[in-house]
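Chemist:
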Amino acid sequence: MEDSKGNADWRAINNNRQQIFRWLRGETKAARIKTKALAMAMEAALPAERYAQLGMTTQQLICIAIRDFAAAIIALLLDARDRPQRIAQALQAIQETQRLTSV
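All residue numbers for the sequence shown refer to this note's numbering, where the first residue is 25 and numbers rise by one.
1) With H, G and I counted as helix, E and B as strand and the rest as coil, what does DSSP make of residue 26?
2) Using CA coordinates, which residue listed in 68, 53 and 96 is at the minimum distance from residue 118?
3) On the DSSP letters alone, give me the boundaries of the alpha helix (DSSP H) that residue 92 sits inside.
4) With DSSP as the reference, label residue 32 as helix, strand or coil.
5) From residue 112 to residue 89, what distance separates their C-alpha atoms?
6) So, is residue 110 buried or exposed, given that buried needs 16 or more other C-beta atoms within 10 angstroms?
7) Starting from residue 79 and walking both ways along the alpha helix (DSSP H), at which residues does that stretch end?
8) Taking the alpha helix (DSSP H) that residue 67 belongs to, which residues open and close that run?
Have a look at this one:
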């Protein structure tokens with residue numbers, strides 16, 4: 025995708041983009057295989073936090089709740105102006121965790 029000087033080869037990028045859209049529209053077995061391989065490669069390239077959001081597991085929901093509660097506590101300690109919003113986010117996160125885990 026780059027030449028020897030590090031410049032992007034836009035023609036190659038556009039050709040690859042067109043090929044991906046052909047695979048997505050394709051109904052052949054080869055197109056499905058290539059699309060599945062592309063999806064797996066995209067998942068492998070995702071940062072850990074984004075990858076965890078794909079499944080919305082209990083662990084992911086708890087991580088979000090912990091993050092939001094930490095932000096709310098910091099806002100309270102620093103007497104921040106966005107305290108009510110931070111507290112509301114934290115409460116919403118715990119309610120979401122409770123809703124999805126009490127099945």
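Ideal Cβ positions, reconstructed from N, Cα and C, are used throughout, including at glycine.
Predicted model, so just to flag it, every value in this text is computed and none were measured.
Modeler: The answer reads as follows:
1) strand
2) 96
3) 82-101
4) strand
5) 11 angstroms
6) buried
7) 72-79
8) 53-69
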